[in-house]
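S.K.: Sharing a structure below in structure tokens format, with a few things to ask.
There are 4 protein chains.
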Amino acid sequence: MNQSHSETAIIRIHCPDQRGIVARVTDFIHRNNGNVVALDQHTDRDDKRFFMRIEWELDGFALTREQIAPAFEFAIATPCKMTWRIDFSDEIPRMAIFVSKMSHCLYDLLSRYRSGEYKVEIPLVISNHTDLEEDVRKFGIDFIHIPVTAANKAEQEQKELDVLRERGVDFVVLARYMQVLSENFVNHYPERIINIHHSFLPAFAGAKPYHAAHARGVKLIGATSHYVTSDLDAGPIIDQGVSRISHHDSIDRLVQKGRDIEKIVLSRAVKAHIERKTLVYNNRTVIFN
Amino acid sequence: MNQSHSETAIIRIHCPDQRGIVARVTDFIHRNNGNVVALDQHTDRDDKRFFMRIEWELDGFALTREQIAPAFEFAIATPCKMTWRIDFSDEIPRMAIFVSKMSHCLYDLLSRYRSGEYKVEIPLVISNHTDLEEDVRKFGIDFIHIPVTAANKAEQEQKELDVLRERGVDFVVLARYMQVLSENFVNHYPERIINIHHSFLPAFAGAKPYHAAHARGVKLIGATSHYVTSDLDAGPIIDQGVSRISHHDSIDRLVQKGRDIEKIVLSRAVKAHIERKTLVYNNRTVIFN
Amino acid sequence: MNQSHSETAIIRIHCPDQRGIVARVTDFIHRNNGNVVALDQHTDRDDKRFFMRIEWELDGFALTREQIAPAFEFAIATPCKMTWRIDFSDEIPRMAIFVSKMSHCLYDLLSRYRSGEYKVEIPLVISNHTDLEEDVRKFGIDFIHIPVTAANKAEQEQKELDVLRERGVDFVVLARYMQVLSENFVNHYPERIINIHHSFLPAFAGAKPYHAAHARGVKLIGATSHYVTSDLDAGPIIDQGVSRISHHDSIDRLVQKGRDIEKIVLSRAVKAHIERKTLVYNNRTVIFN
Amino acid sequence: MNQSHSETAIIRIHCPDQRGIVARVTDFIHRNNGNVVALDQHTDRDDKRFFMRIEWELDGFALTREQIAPAFEFAIATPCKMTWRIDFSDEIPRMAIFVSKMSHCLYDLLSRYRSGEYKVEIPLVISNHTDLEEDVRKFGIDFIHIPVTAANKAEQEQKELDVLRERGVDFVVLARYMQVLSENFVNHYPERIINIHHSFLPAFAGAKPYHAAHARGVKLIGATSHYVTSDLDAGPIIDQGVSRISHHDSIDRLVQKGRDIEKIVLSRAVKAHIERKTLVYNNRTVIFN
């Protein structure tokens with residue numbers, strides 16, 4: 001957790017593993033008089049791939065914001081064949097929430113937002129139903145009703161995309177949104193749509209996972225937050241959680257217990273995304289400290 | 001936990017749900033001067049099925065052991081259409097362990113046996129390899145080597161069945177035994193073969209689940225103990241456990257972390273079975289308190 | 001879980017352990033044509049004490065509501081020296097929430113209330129601050145500001161008691177309320193005030209438990225919900241939870257991670273209380289299924 | 001997990017926080033042609049203290065083993081005011097186990113040792129009782145019986161210290177050893193004696209924690225592994241774990257459930273110590289990845 005008062009720059013990197021990367025990156029920052037406030041790196045030996053997140057204070061840094069990217073690209077990223085991005089802590093991401101009828105994840109996200117736990121802006125909530133309109137509006141957030149049917153799906157998704165673009169939304173959270181997004185929609189927000197699925201994937205992908213869990217007689221139920229890809233319930237997993245159940249738990253009870261896991265798991269994923277601590281490679285995630 | 005010094009009788013029941021079953025069963029024991037030391041019941045409202053386990057002290061009970069079953073059958077089980085069985089706490093079950101090359105579950109079971117945690121006899125361990133022979137023998141337990149190939153499987157399974165019968169084995173624990181048992185073998189020990197599978201089933205059934213878990217990028221790994229049926233990795237689940245992992249965990253590390261869950265989950269399942277606390281219905285288990 | 005459409009009666013009992021109690025109680029209900037929908041019992045062998053919760057449908061029951069208590073008292077409770085109480089599922093309990101400045105537990109409770117997860121009425125929230133006034137009012141719930149100082153504490157508590165009585169409040173939930181209630185106040189609501197303490201009690205009782213946890217260098221933080229007694233943080237524990245932490249977690253981070261455990265643990269305790277599944281004996285709780 | 005075939009050097013550091021430490025350390029290794037296989041660092045902002053563990057391959061490194069320490073001391077450690085140490089992966093630590101009468105932790109450690117999970121030597125086990133002599137000897141490990149009374153404690157501890165010195169023991173694991181070690185003994189092995197205490201410290205320090213947990217009515221029991229200091233049960237915590245319990249669990253049952261947590265928690269602590277992943281500062285531990 002960055003407790004410094006200065007704003008920070010955050011670079012996330014992955015590249016082929018090779019000697020001396022940490023030395024090169026930290027030296028770059030050090031020579032420019034940067035104070036590193038967080039550093040986490042990981043080497044995947046099977047994939048021979050290097051991953052890193054580094055965050056440093058902008059106060060006193062020798063380069064302006066505009067100079068950092070080209071300098072880093074030239075000195076380090078290009079020679080090391082890096083895929084990378086830079087963000088700044090005062091660029092607050094803008095998040096849209098998609099919901100249907102269930103309110104538990106929505107309230108959990110909005111109450112965290114309201115209490116200041118999330119450094120994020122939430123300009124709007126989109127829903128294919130109107131059930132949660134009042135719940136959203138009382139937080140002072142716009143509620144946009146875009147009903148979707150098999151017939152009008154393409155057209156309605158276009159409306160959604162238009163709204164998201166107009167309102168400058170950076171990423172989307174599906175808080176138990178009960179519509180499958182088309183490949184076209186997903187492609188507009190690669191690694192920027194977070195879903196919560198109510199099972200410990202890959203078990204019980206698809207519809208009605210609590211019913212399937214009950215039928216199989218499992219002793220644990222779970223939830224999975226993941227980035228949405230065009231492959232249903234198969235995107236890179238950000239976080240998972242489980243809860244112990246027993247033969248006493250009816251399907252209704254599973255649904256109810258499951259909600260608590262869904263809330264926790266989704267909230268942690270959203271937090272990691274907001275804090276720029278996620279990185280996707282090869283359909284898996286690295287979640288930095 | 002029964003701390004009485006008297007031996008006890010244990011009845012496990014399931015039957016169609018109907019009014020007054022608990023009253024009838026407890027009245028039967030009460031009228032015969034029995035002291036109930038444990039009672040657990042469950043009603044599955046979806047299946048309209050009633051489940052019960054009741055344990056009472058034999059000291060001072062008005063019926064002899066031989067009289068209990070026919071009396072209970074006549075007075076209660078038949079009219080209530082019960083499927084049921086009776087056991088006595090001083091009938092120590094006899095357990096065989098099947099292993100291959102990995103020792104962690106084996107040692108965990110044998111050390112619990114040695115410390116008196118399990119009220120069980122272990123006359124023998126069977127293995128398709130000789131790697132663990134010394135490990136077994138030092139506990140004073142017979143080790144029987146029965147190698148299995150695709151060609152000799154039926155014949156070798158017959159040897160195993162012969163040994164189990166000769167040694168009076170009641171149930172079998174597959175402690176990471178890396179052979180699939182034939183339907184014929186399984187049918188000799190219905191609901192009496194306990195396996196440990198190294199994933200949270202139904203995710204990653206079949207071979208190499210840790211490799212599959214790593215490839216999918218899950219954030220939890222798990223283990224599942226279940227009764228073996230002829231349907232591979234699909235039998236009724238007795239217990240499950242999980243452990244949190246991260247991108248730092250290589251496959252080797254998953255294997256290592258997984259071992260600790262496998263040990264715990266298998267040991268709990270074996271304990272529940274020994275204490276006659278399991279009941280299978282409809283490919284699911286009820287695990288009594 | 002009771003899924004029947006009929007309303008139910010719920011009896012909770014504790015008494016000296018003795019033979020045949022379950023038989024007597026279930027027979028009482030069975031003879032009066034009651035259909036048991038839940039039964040859970042427990043015998044504490046050290047204390048030689050018997051505990052039971054039984055719930056049955058009122059539809060078709062041979063006794064009227066008014067007749068049940070005297071009949072049960074005469075036939076069973078008196079001879080068995082029982083401490084007991086009866087409740088009816090359609091008597092919806094009325095709950096007040098006390099808060100200070102932190103909103104996380106408040107929102108969690110109110111969103112569960114709003115979604116219908118809790119079968120409860122919440123007529124009002126009381127706070128010693130005004131920070132959360134808007135948050136409460138937007139749920140359509142009265143917010144009453146009763147500031148408390150060392151000087152006016154007795155008088156202000158009297159105001160609180162007056163309001164609770166006027167509004168027919170059955171039990172009180174302290175959702176991170178940062179005032180210690182006097183013995184006088186507590187005595188008005190014995191076993192009917194639920195607190196959430198932000199540590200795994202008995203570790204870190206008293207003020208600033210996250211600071212204390214950080215200083216001690218623990219690897220788990222926790223939360224404890226308990227009934228409030230006049231002995232600070234020493235009342236009977238209803239539920240507890242923990243979360244794994246590491247050296248990376250600053251005190252701020254502990255506070256944040258802790259909130260999620262506080263929410264879950266408090267919500268489970270409140271649910272158990274609402275569903276009449278708690279029973280206190282000897283400063284410990286029995287939590288029925 | 002180091003999967004390289006080359007042996008490695010491991011440096012653990014703590015020092016006042018300051019700019020550029022990671023750059024200096026990684027540059028030192030990079031310039032000498034070292035290949036970093038693991039790096040983990042942590043900054044405690046409250047204490048303004050920096051912590052780091054770095055591991056690199058010795059194959060091809062420009063300095064000999066003997067040259068590394070003075071070079072590092074001169075170039076980096078002295079100017080940065082570091083407290084630090086270096087270890088080499090092929091220096092296998094030698095571990096002694098102290099036990100009394102309970103075997104569960106002992107078996108867990110020895111079976112991990114036997115299966116090769118621990119890269120450690122275990123030349124001997126010391127006990128104040130003879131109960132576990134056979135259990136130890138069957139693993140081919142020396143068992144030394146050193147009974148301790150209040151009268152002969154100083155003298156017997158001297159015997160223990162003599163044996164440990166003669167046998168070249170690096171660190172000691174107290175696997176439910178039921179004797180308090182004197183300050184004199186502890187001072188011979190600072191941060192090199194690992195104990196398992198059967199509660200989630202600081203709750204229930206001292207004797208009979210399961211009895212105390214039962215009396216308090218907690219809903220979780222735990223275990224804590226820590227380095228032993230002269231302050232009983234107050235040393236730096238390495239790891240902790242908990243298990244959910246209920247009112248059904250008698251003290252005997254708590255003891256039994258507790259054993260499983262003790263085993264896991266102690267085994268993780270021992271593993272972290274063997275792999276040189278622990279660092280103590282200010283009575284707290286940093287546990288590196």
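Note that the protein sequences, when read in sequence, are chains A, B, C and D.
Take 1 as the starting number for the first sequence in full-length UniProt numbering and just add one per residue.
Take 1 as the starting number for the second sequence in full-length UniProt numbering and just add one per residue.
Take 1 as the starting number for the third sequence in full-length UniProt numbering and just add one per residue.
Take 1 as the starting number for the fourth sequence in full-length UniProt numbering and just add one per residue.
We put the CB at the ideal spot given by N, CA and C, even for glycine.
#1: If we ignore side chains and look at the alpha-carbon of each, how far apart do D233 of chain D and A272 of chain D end up?
#2: Please check if any C-beta of chain C sits within less than 8 Å of the C-beta of N32 of chain B.
#3: Rounded to whole angstroms, what is the Cα-Cα separation between D46 of chain C and A212 of chain D?
#4: Among the residues of its own chain, which have a CB less than 7 Å from the CB of Y189 of chain D, if the five just before and after it don't count?
#5: If you reduce the DSSP assignment to three classes, tell me which class M1 of chain B lands in.
#6: Can you check DSSP and say which residues form a bridge with N35 of chain A?
#7: Is there a Cβ from chain D that is less than 8 Å from the Cβ of D27 of chain A?
#8: At the 8 Å Cβ level, is G222 of chain B part of the contact set with chain C, yes or no?
#9: Are the C-beta atoms of R253 of chain C and some chain B residue less than 8 Å apart?
#10: What number of angstroms, rounded off, separates the C-alpha of V36 of chain B from the C-alpha of S111 of chain B?
#11: Beta-carbon within less than 8 Å of K48 of chain D's beta-carbon, same chain only, minus the 5 sequence neighbours each way: which residues are those?
#12: Are the C-beta atoms of V163 of chain B and some chain A residue less than 8 Å apart?
#13: With a cut-off of 8 Å, does the C-beta of S243 of chain A fall near any C-beta of chain G?
#14: Just by C-beta distance, which residues in the region 10–22 of chain D are closer than 8 Å to chain A?
#15: Can A175 of chain D and I97 of chain D be called in contact, C-beta distance under 8 Å?
#16: Are the beta-carbon atoms of K219 of chain A and R244 of chain A separated by less than 8 Å?
#17: DSSP three-state call for Q41 of chain A: helix, strand or coil?
#18: Nearest-angstrom Cα distance between M1 of chain B and L58 of chain D?
#19: Which partner residues does M52 of chain C have in the DSSP bridge list?
#20: With distances taken Cα to Cα, identify the nearest neighbour of Q256 of chain A among C:W84, C:G116, C:D142.
#21: Roughly how many angstroms lie between the CA atoms of residue 299 of chain A and D252 of chain D, to the nearest whole one?
#22: Closest to N152 of chain A by CA distance: which of A:D231, A:F28, A:Q179 is it?
#23: On the CB-based measure, 16 or more other CB atoms within 10 Å of its CB, does H145 of chain A come out buried or exposed?
#24: Does D260 of chain B have its Cβ less than 8 Å from a Cβ in chain D?
#25: Starting from Q179 of chain D, follow the beta strand (DSSP E) in both directions and report where the run begins and ends.
#26: Determine which residues of the region 31–65 of chain C have a Cβ less than 7 Å from any Cβ of chain A, and write them out in chain order.
#27: If I'm right that F72 of chain D touches H14 of chain D with Cβ under 8 Å, what's the distance once you round it to whole angstroms?
#28: Going along the region 187–202 of chain C in order, which residues come within less than 7 Å of chain D, judged by CB to CB distance?
#29: Restricting to runs no shorter than 4 residues, where is the alpha helix (DSSP H) found entirely within the region 201–268 of chain B?
#30: What are the complete alpha helix (DSSP H) segments, minimum 4 residues, inside the region 92–141 of chain A?
#31: Does any CB atom of chain D fall closer than 8 Å to the CB of I264 of chain B?
#32: For E191 of chain B, which option in B:L279, B:H198, B:H247, B:D231 has the closest C-alpha, if you only look at C-alpha atoms?
#33: Could you check if P236 of chain D is buried or exposed, using at least 16 other CB atoms within 10 Å of its CB as the buried criterion?
#34: Under 8 Å between the Cβ atoms of V186 of chain D and V148 of chain D?
#35: Expressed to the nearest angstrom, what Euclidean distance is found between the alpha-carbon atoms of I11 of chain C and N283 of chain B?
#36: Does DSSP classify H198 of chain B as helix, strand or coil?
M.R.: The relevant details are as follows:
#1: 19 Å
#2: no
#3: 14 Å
#4: F171, V172
#5: Residue placement at M1 of chain B is flagged as unreliable, the pLDDT there being 41, under the threshold of 50; the coordinate-derived value follows with that caveat. Coil.
#6: A:E57
#7: yes
#8: no
#9: no
#10: 32 Å
#11: P16, D17
#12: no
#13: The chain inventory of the structure shown lacks chain G, comprising the protein chains A, B, C and D.
#14: R19, G20, V22
#15: yes
#16: yes
#17: strand
#18: Low per-residue confidence applies at M1 of chain B: pLDDT is 41, beneath 50, and the placement is therefore not dependable enough to give any value.
#19: C:I13, C:Q41
#20: C:G116
#21: Residue 299 of chain A lies beyond the stretch modelled for chain A, which goes from 1 to 289, so this question has no answer here.
#22: A:Q179
#23: exposed
#24: yes
#25: That residue, Q179 of chain D, is in no beta strand (DSSP E); it is neither H nor E in DSSP.
#26: none
#27: The Cβ separation is near 14 Å, so there is no contact.
#28: F200, P202
#29: 209–216
#30: 104–114, 133–137
#31: yes
#32: B:L279
#33: buried
#34: no
#35: 34 Å
#36: coil
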